[in-house]
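What follows is one structure encoded as structure tokens, with my remarks underneath.
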Amino acid sequence: LVFIVKSAIEHFDRRAAIRKSWGYERRFADVKIRTVFMLGRSRIVPNRRLQSLVDLEYSTYRDIVQGDFVDEYFNNTIKTMMGFRWAVTYCPRAKFYMFADDDFYVSAKNLLRYVRNPVNYPEYLEETDEALRKLARRLAHTTERNGTGSIASVSPAEPTGVAVVAKDRTKRQLMQDMELPPNVKLFSGFVFRSAPHRHRSSKWYVSLEEYPWDMWPTYVTAGAFLLSHEALFEMYYVSMYTKHFRFDDIFLGIVAMKAGIEPLHSEEFYFHKAPYLGPQSYKYVLATHGYDDLTEMTKVWNEVRASGYA
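Residue numbers (my numbering): 148 to 457.
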């Protein structure tokens, strides 16, 4: 799993918080995680002090990718496609790539659950939990019968340990049965279907000359989205033959349409900030916008992680 984080050049504190929370590369013993940050150049030319701090950050963490463009909103397409190019060049064997802005909360654990069965997430997890509860009841009944039963032969001297092993083995089997095929083209996030803004006063105004159609192609909001290996490579190569468009989410929607990839919507990608009412409220959250407050983001992530959901 590769995290590609779009970050403003001056957001040193956000990058530091992400490295210690959802972007922590040693989060799991059995899953490799790589986290990199996409940056542009300072708007103030030249800002040698700011650039020297970025250079120091890179030499310390080796996770900064910086492009030669002004770091501003309307250059987000350049920044996003720089992430694609970096992934194809330097991390071509990863199975999944998660793009996110630096003001997001993300659950790596839930992403790994999501990619096993994205169409039925999170419902399939509820079904898995119910199956495990039934198994636990059957194991308890087996234990009461002094080690005889059809699921596992449990010795009276160590019923609990064997029961846990059997339960763990069954859980792994349930999860393995839902692995996605390696050639799947998954492009997922919060999906929009909307029309271009034609009012000149709008920040998102688009003229008929720029885009003559009444509706945008189906697109995923660019704040956070997930791509499988096949989808990322396909969209990267198609992007080379696609006219640049300043809105990155629309650009990717156009690219996906040309590539024949239908974006998959998930309600667990939150376009707005998901209300936090304790760890249980984030049990299935994949990503949520609105975490400018790093103290809050770190606190929420630590609480949710402690409950097993991040």
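Ideal placement from N, C-alpha and C gives every residue a C-beta, glycine not left out.
Own chain partners of residue i with C-beta closer than 7 Å, once the 5 adjacent residues on each side are dropped
i	result
A406	E381, M382 and V385
F251	G370, A371, A434, T435, H436 and Y438
E157	L197
D160	L441
A164	L441, M444 and T445
R499	The requested residue 499 does not occur in the structure, where the chain is confined to residues 148 to 457.
K256	Y456 and A457
E172	I180, R181 and T182
C238	V149 and R181
F339	Y366 and T368
M228	S386
V178	L148 and L259
Contact check, residue i vs residue j, beta carbons under 7 Å
i	j	result
V183	D218	no
F392	T368	no
A434	V235	no
V149	Y244	yes
F398	T224	yes
A421	P410	no
P359	G400	no
V388	K430	The amino acid occupying residue 388 in the given sequence is Tyr; Val does not appear at that position. Going by C-beta atoms, Y388 is not nearer than 7 Å to K430.
Y423	V447	yes
D396	Y366	yes
Beta strand (DSSP E) segment containing residue i, residue limits
i	result
G407	Run containing G407: none; DSSP gives neither H nor E here.
T368	Y366 to S375
S428	Careful: S428 lies outside any beta strand (DSSP E) and carries neither H nor E.
S335	F334 to F339
K153	V149 to K153
D361	Segment: none, D361 is in no beta strand (DSSP E) and carries neither H nor E.
L186	R181 to R188
M245	F243 to D248
Local conformation of residue i per DSSP, three classes
i	result
F159	helix
F394	coil
V253	strand
A378	helix
A164	helix
V266	helix
L259	helix
T389	coil
Y171	coil
Y438	coil
L355	coil
L399	helix
Y456	coil
L272	helix
Y417	strand
Segment limits, alpha helix (DSSP H) that includes residue i
i	result
A453	L441 to A453
Q213	Premise fails: Q213 lies in the beta strand (DSSP E), I211 to V217, not in any alpha helix (DSSP H).
M228	N223 to Y237
R195	R195 to Y208
8 Å Cβ shell around residue i - same chain, five flanking residues per side excluded
i	result
R232	Y383
S341	M362 and W363
I408	K332, F334, A378, E381 and M382
L272	R260 and Y431
R319	In this prediction, R319 scores a pLDDT of 49, lower than 50, which makes its location untrustworthy; no coordinate-derived value is stated.
K242	L148, V262, P329, S375 and H376
R190	V217, D218 and E219
S348	none
Residues near residue i in its chain [Cβ-Cβ closer than 6 Å; skip 5 each side]
i	result
L200	none
A213	Note on residue identity: the sequence assigns Gln, not Ala, to residue 213. Cβ neighbours of Q213 beyond the five flanking positions: L186.
F216	G187, N222 and I225
N449	none
P343	V353 and Y358
A176	none
R195	none
Would you call the segment 262-277 and the segment 153-173 touching, i.e. three or more CB-CB distances under 8 Å?
no
Assess, as a yes-or-no matter, whether the segment 377-384 is touched by the segment 343-363 under the definition of 3 or more beta carbon pairs within less than 8 Å.
no
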